[in-house]
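Counting the sequence shown from 1 gives a position; my numbering is that position plus 878. First the structure, in the form of structure tokens, and then the observations on it.
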Amino acid sequence: MDKWFILQATSPAANVLETVRGLLQHRSFTMSNPNRIRSLIGAFAGSNPAAFHAEDGSGYQFLVEMLTDLNSRNPQVASRLIEPLIRLKRYDAKRQEKMRAALEQLKGLENLSGDLYEKITKALA
């Protein structure tokens, strides 16, 4: 099942983010299974650069939503999933600005885990 989620998350289709959001409700997906999280959310953010780095910032906002949820559920998984977002210096100024805003949004979380805080502050420095 994990491979199928990976295939869906890395699709070149224009509506892949919509598909990924829909798959969050799939009966075989659960936010309590780290492998499922990595295969859907991690594959989207880490292996689908065209969709994740969409000009409108929708990929970044999606990851912020997921990391906000995972921050309290499983901070170790959240810490691994943030990797594509903290590499902001590799991208053009427009994307960097949106990535920075997403990181600032996460940094403002009241109960931000130590692992995420460390990675976010280092990326924003």
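Ideal Cβ placement from N, Cα and C applies to all residues, glycine included.
Inter-segment contact for the segment 944 to 953 and the segment 894 to 910 is present: three or more beta-carbon pairs are separated by less than 8 Å. Residue nearest to Q939 within the set R914, R916, R978 is R978 (criterion: CA-CA distance). With respect to the 8 Å criterion, P962 and F930 are classified as neighbours on the basis of their beta carbons.
Taken through DSSP and simplified to helix, strand or coil, S991 comes out as coil. Distances from the CA of D970 to each of Q903, V894, G935 were compared; the closest alpha carbon is that of G935. For Y938, the enclosing alpha helix (DSSP H) starts and ends at 936 to 951.
In this structure, L918 sits near V898, with a CB-CB distance shorter than 8 Å. Judged by beta-carbon spacing, N989 lies within the 8 Å limit of N949, meaning their Cβ atoms are closer than that value.
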